[in-house]
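K.L.:
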Amino acid sequence: MHVSMMILGYAALLCGSLLSVALLVITFRKNRKLFYKSNGFLNESFFLGENVLENTSFFSAKNYYRSQLIQQLDYWSYRVLV
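Take any residue in the sequence shown, note its place counting from 1, add 24, and you have its number in the working numbering.
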């Protein structure tokens with residue numbers, strides 16, 4: 025019984041931590057250059073995320089749904105960790 029409760033506790037801690045990391049990634053998403061590969065024929069640059077401020081206005085539906093997602097992730101990560 026004690027071992028199963030410890031496993032459930034660690035599983036809840038892991039889920040809450042993953043939700044918190046997802047919240048940080050979604051909240052502070054910006055362009056990040058991962059690596060740049062260059063040779064005579066190929067120039068590639070890989071980016072993680074997108075620059076939201078350049079592509080959308082403040083009152084767009086995309087920002088509204090993103091805000092709702094951030095609030096839900098914040099709520100659930102708090103509830104799972106507490």
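Every residue gets a Cβ at the ideal spot worked out from N, C-alpha and C, and that includes glycine. What you are looking at is a predicted structure, and each value in this text was computed from that prediction instead of being measured.
#1: Using DSSP with H/G/I as helix, E/B as strand and the rest coil, what is ARG103?
#2: Touch check for the stretch 39-49 and the stretch 84-104: three-plus C-beta pairs under 8 Å?
#3: Smallest Cα separation from ARG53: which of SER91, VAL104, MET29?
#4: Give the straight-line distance between the Cα atoms of GLY40 and TYR89, rounded to the nearest whole angstrom.
#5: Quick one: using the 10 Å Cβ neighbour count with 16 as the cut-off for buried, is SER101 buried or exposed?
P.N.:
The short version:
#1: The sequence position of residue 103 within the sequence shown is 79, counting from 1. It is helical.
#2: Result yes; three or more Cβ-Cβ pairs closer than 8 Å.
#3: What you label residue 53 is simply residue 29 of the sequence shown in a count that begins at 1. Its Cα nearest to that of ARG53, the residue SER91 stands out among SER91, VAL104, MET29.
#4: Locating residue 40 in the sequence shown gives position 16, counting from the first residue. Locating residue 89 in the sequence shown gives position 65, counting from the first residue. Going by the C-alpha atoms only, they are around 21 Å apart.
#5: Counting from one through the sequence shown, the residue named residue 101 turns up at place 77. Answer is buried; the Cβ neighbour count reaches 16.
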